[in-house]
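Engineer: Numbering (mature numbering (1 follows the signal peptide of the UniProt record, and there is no 0)) for the sequence shown: -24 to -1, 1 to 349.
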Amino acid sequence: MKIQTKKALLYLALASVVAGFGQKAEPTLKATFKRDFYVGAALNYQQSSGQDAKSTALITQQFNTISPENLLKWGPVHPRPDAYNFKPADEYVAFGQQHKMFIIGHTLLWHQQTPKWVFEDAAGQPVSREVLLKRLQDHINTVVGRYKGKIGGWDVVNEAIDDQQGDLRKTKWLEILGEDFAAKAFEYAHQADPQAELYYNDYSLYRPEKREGVIKLVKSLQAKGINVTAVGMQGHYGLTKPSLAEVEASIVAFSKLGVHVNFTELDIDVLPNPSRRQGADIAETFGADAKYNIYKAGLPDSVQQKLAKRYADLFALFHKHRDVIDRVTLWGVTDADSWLNNWPIRGRTSYPLLFGRDYQPKPAFRAVVQAAK
């Protein structure tokens, strides 16, 4: 080899080393907030079963807690009185264990995605309180018991407070069991796994009426000697609403109950909303309309920057209250996975998360990391 060639190769090698000194690995969410709170994502079945390799790489790199989007809700896991479908849930739990994550169970009692048979007898008539309590207890014993010591925390009761007045939502659970339905669910969950954290989870908890309804519910449970580990505030927010002051008021109010706070379903909807209501009532849907799907070709930079600022402001607030916030979970991994592509209108192109459809971090991701500093 000629001397000139050797010199050229040596120069290239040295140049690459020098360039490497100036580069830093992209920070991760779990490392950025490791002293503050868990950061997680809700997984769909393709992800939790390991069938989506790109998502697996992103999930394991960025997150240290996971939630199941649907597979542990009553309908998917217990579709018929005599049948449980545990395969997807088993794979989800195994995924979390393999990657040493804090695993969440979602959800044990909800008025949605619960089969009709739960509330009816063979003739289609409402069952008695005793029958429904037995079904609830059997379901919780079986599901929570199966994952005892593996699932670290359960959303025991989900969305039990009315949107408008803060009263108990009118559901079959309330109609048949009466006002102690939540207490019974928490009692059964604690019996099935005394070490598991137990949560109440709901959306729009920044609204004073709904916040007061949850405070009343938690106090009633505490008066019965029932431990509520945390209130889960679903963070289905917009670019400007709710205000940071409204969100913070609820963090403070719940912490005064002696419970912690989880942000359980965080996403930011950048699309126009056909409803004047803020929230996550899955029963409220609308027909297709182009004026509500305005970013099909991509998110404009101006909106991208607004999204980044919104996420940065929220995470700065979470960081401020890290003494009472245990977990922040994004409802999805990438924009492609988000339920907001199909709610409240099906087929929209939504951009609510920190990672794009290309699995790459968005400006919002870097803004969140910077907010921690």
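Every residue gets a Cβ at the ideal spot worked out from N, C-alpha and C, and that includes glycine.
Suppose you measure from the CA of residue 151 to the CA of residue 275; what does that come to, to the nearest Å?
Structural biologist: Those two C-alpha atoms are separated by around 45 Å.
Engineer: Taking the alpha-carbon positions, what's the residue 108 to residue 101 distance?
Structural biologist: Spanning the two alpha carbons is a distance of roughly 12 Å.
Engineer: So, with DSSP's three-state summary, where would you put residue 391?
Structural biologist: With the chain represented from -24 up to 349, any question about residue 391 goes unanswered, as that position is not in the structure.
Engineer: Less than 6 Å between C-beta atoms, sequence neighbours within five positions excluded: which residues of the same chain meet that for residue 134?
Structural biologist: Taken in chain order, the residues that qualify are 83, 86, 177.
Engineer: Give the single residue among 13, 55, 69, 11 whose Cα lies nearest to the Cα of residue 25.
Structural biologist: That would be 69, whose Cα lies nearest to the Cα of residue 25.
Engineer: When the Cα atoms are used, what is the spatial distance from residue 335 to residue 313?
Structural biologist: Near 11 Å, if we compare the C-alpha coordinates of residue 313 and residue 335.
Engineer: Between which residues of its own chain and residue 168 is the CB-CB distance below 6 Å, once the five residues before and five after are set aside?
Structural biologist: Cβ within range, chain order: 116, 117, 120, 121.
Engineer: Check whether the Cβ atoms of residue 18 and residue 43 sit closer than 8 Å, and answer yes or no.
Structural biologist: Against a cut-off of 8 Å, the Cβ pair of residue 43 and residue 18 comes out as a contact.
Engineer: Tell me the rounded alpha-carbon separation between residue 289 and residue 10.
Structural biologist: Rounded to the nearest angstrom, the two C-alpha atoms are 19 Å apart.
Engineer: Distance check for residue 114 and residue 193, CA to CA, integer angstroms please.
Structural biologist: In a straight line, the C-alpha of residue 193 is about 24 Å away from that of residue 114.
Engineer: Is the Cβ-Cβ distance between residue 75 and residue 36 less than 8 Å?
Structural biologist: Contact flag set, yes.
Engineer: Counting beta carbon pairs with one atom in the stretch 337 to 345 and one in the stretch 53 to 63, are three or more of them shorter than 8 Å?
Structural biologist: No: fewer than three Cβ pairs fall under 8 Å.
Engineer: Are the beta-carbon atoms of residue 198 and residue 204 separated by less than 8 Å?
Structural biologist: Yes; because the gap between Cβ atoms is below 8 Å, this pair is in contact.
Engineer: Given a threshold of 16 other Cβ atoms within 10 Å of its Cβ, counted over all protein chains shown, does residue 216 qualify as buried or as exposed?
Structural biologist: Answer is exposed; the Cβ neighbour count stays below 16.
Engineer: Report the residue ranges of all beta strand (DSSP E) runs contained in full by the stretch 217 to 248; include only those spanning at least 3 residues, in chain order.
Structural biologist: Counting whole runs of 3 or more residues, the stretch 217 to 248 contains the beta strand (DSSP E) stretches 236 to 245.
Engineer: Since I believe residue 305 is in contact with residue 240 (beta carbons under 8 Å), could you give me their beta-carbon distance rounded to a whole number of angstroms?
Structural biologist: Contact flag correct, Cβ pair sits at about 5 Å.
Engineer: Please say whether residue 159 and residue 136 have beta carbons closer to each other than 8 Å?
Structural biologist: Not closer than 8 Å, so no.
Engineer: Which runs of the beta strand (DSSP E) fall wholly inside the stretch 118 to 188 and span at least 3 residues, in chain order?
Structural biologist: Listed in chain order, the complete beta strand (DSSP E) runs (minimum 3 residues) inside the stretch 118 to 188 are 129 to 134, 173 to 179.
Engineer: In angstroms, rounded to a whole number, what distance separates the CA positions of residue 31 and residue 329?
Structural biologist: Going from the Cα of residue 31 to the Cα of residue 329 covers about 14 Å.
Engineer: Distance check for residue 96 and residue 346, CA to CA, integer angstroms please.
Structural biologist: Each residue's alpha carbon lies about 53 Å from the other.
Engineer: For residue 64, which of helix, strand or coil comes out of DSSP?
Structural biologist: Three-state result, residue 64: helix.
Engineer: Could you check if residue 33 is buried or exposed, using at least 16 other CB atoms within 10 Å of its CB as the buried criterion?
Structural biologist: Residue 33 comes out exposed.
Engineer: Using alpha carbons as the reference points, say which of 315, 229, 303 lies closest to residue 128.
Structural biologist: Nearest option by C-alpha distance: 303.
Engineer: Among 154, 88, 310, 349, which residue has its Cα nearest to the Cα of residue 338?
Structural biologist: For residue 338, the nearest C-alpha among the options comes from 310.
Engineer: List the whole-angstrom C-beta distance separating residue 14 from residue 81, where the pair is believed to meet the contact cut-off of C-beta under 8 Å.
Structural biologist: Contact doesn't hold; Cβ gap of about 15 Å is too wide.
Engineer: Which residues bound the alpha helix (DSSP H) around residue 295?
Structural biologist: That run of the alpha helix (DSSP H) goes 277 to 296.
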